[in-house]
Each structure stands twice: as structure tokens, then as C-alpha cells.
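Asker: Shown below is the structure under consideration.
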Amino acid sequence: MAGTILRNEYEKIVGQVSDYTWPRILRRLEISDTTSAKAGVILLVRAYAQLKLLNPNRTIRLSDVQRYEFICSNLPQLSCNGAQLFEALQRLEPRPSKPTIYRWGQEIGVPFSVDKMYTEIEIQQWVKKIASQTKFKFRQPKSIGVAS
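Letter 136 of the sequence shown, counting from 1, is numbered 136 in full-length UniProt numbering, and no numbers are missing.
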């Protein structure tokens, strides 16, 4: 039952998937078909489907999916101005320079400007670009210990 829920979630985004391909997807995501359909697993399958939609001819690993989820959680979802986008990009490690950000904007067809308002579609282009840059990662938040 859980396998069909996960498969339905994947097919909502990508379209119909063959019986041959589905077990390969589960293996790639390290999900056994007997796994219960927990929220985290469903989100993992959705993120994989989104990446597959963005990069249909690329092999997508579990680490790529986890990086994509982290990028999506660190960038604005609906719309933002250039200053907010720049601030989000400055949280990347190593920190990209301004010329690098401007070059990325030219490469994806969404030129960067601090004064520009970016739509959801343009932000998705930025997400796709950052996800393809494997040497850049968002810094993990530091856990705060309890002082005794």
C-alpha cells in the first residue's frame, strides 16, 4: 500500500512510470517497498520527481535529492527581490562572489539585479542552477547546546 502511495506521488509530478523503472527509483532513494508512507519519505519522492522533471537525462542520487530539499528550504518560495535573493545566495558555502552570481543569472536567462522582483518561476531557475553546482552547499545551522 505504501509503495502505491509513493508511486502515485511520483506520477503526479512526472507522469506514468513503468513497472521496470519504479523499483530502480526506490533503490536509488534507498526506500524498501515495505516502508510506510511517512511524510519524510513522501517529501523525498516528491523532491526526486521535481529534480527528474528539471533534469530528465541526468542520474540523480540520494545526495542530490537531499541537497535540492535543503536548497528549496533556504530560498524564498514565491517571490522576492534581488536583495533577498542575494542574501540567500550569500548563505552558500563557499560564498559566491558578485560576478559569479551575475554570471549564473546570465547562464540561466534570469539576469541578476538587486532591484528586480523575481517570480516563482525565476526562483525555480535559480534553484535548478544552485542544485547543479555541486561544490556550493548551504551551511547547516549550528545546534545550540544547553549551558549547564
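All C-beta atoms in this analysis are idealised placements derived from N, C-alpha and C, irrespective of residue type, glycine included.
Per DSSP, residue 93 is paired with what?
Answerer: Partner(s): 137.
Asker: I'd like to check one pair, residue 29 with residue 165: are the Cβ atoms closer than 7 Å?
Answerer: An answer regarding residue 165 cannot be provided, because it is not within the stretch 1 to 148 covered by the chain.
Asker: Please tell me whether residue 82 and residue 127 are closer than 7 Å, where the distance is taken between their beta carbons.
Answerer: For residue 82 and residue 127, no; Cβs fall outside 7 Å.
Asker: Between which two residues does the alpha helix (DSSP H) carrying residue 50 extend?
Answerer: 39-54
Asker: Just to confirm my understanding: we take residue 147, look at its own chain, exclude 5 residues before and 5 after, and list those with CB closer than 8 Å. What are they?
Answerer: Interpretation of residue 147 is limited by its pLDDT of 43, a score under 50 that renders its predicted location unreliable; no figure is taken from the coordinates.
Asker: Tell me whether the stretch 90-99 and the stretch 15-24 touch, counting them as touching only if at least three CB pairs, one residue from each stretch, are closer than 8 Å.
Answerer: Counting Cβ pairs under 8 Å, fewer than three are found: no touch.
Asker: Within a Cβ cutoff of 7 Å, which residues of the same chain sit near residue 102, ignoring the five residues on either side of it in sequence?
Answerer: 112
Asker: With a threshold of 7 Å between beta carbons, is residue 62 in contact with chain C?
Answerer: The structure shown has no chain C; it contains just one protein chain.
Asker: If you draw a straight line from the C-alpha of residue 8 to the C-alpha of residue 52, how long is it?
Answerer: 15 Å
Asker: For residue 20, name the three-state secondary structure that DSSP assigns.
Answerer: coil
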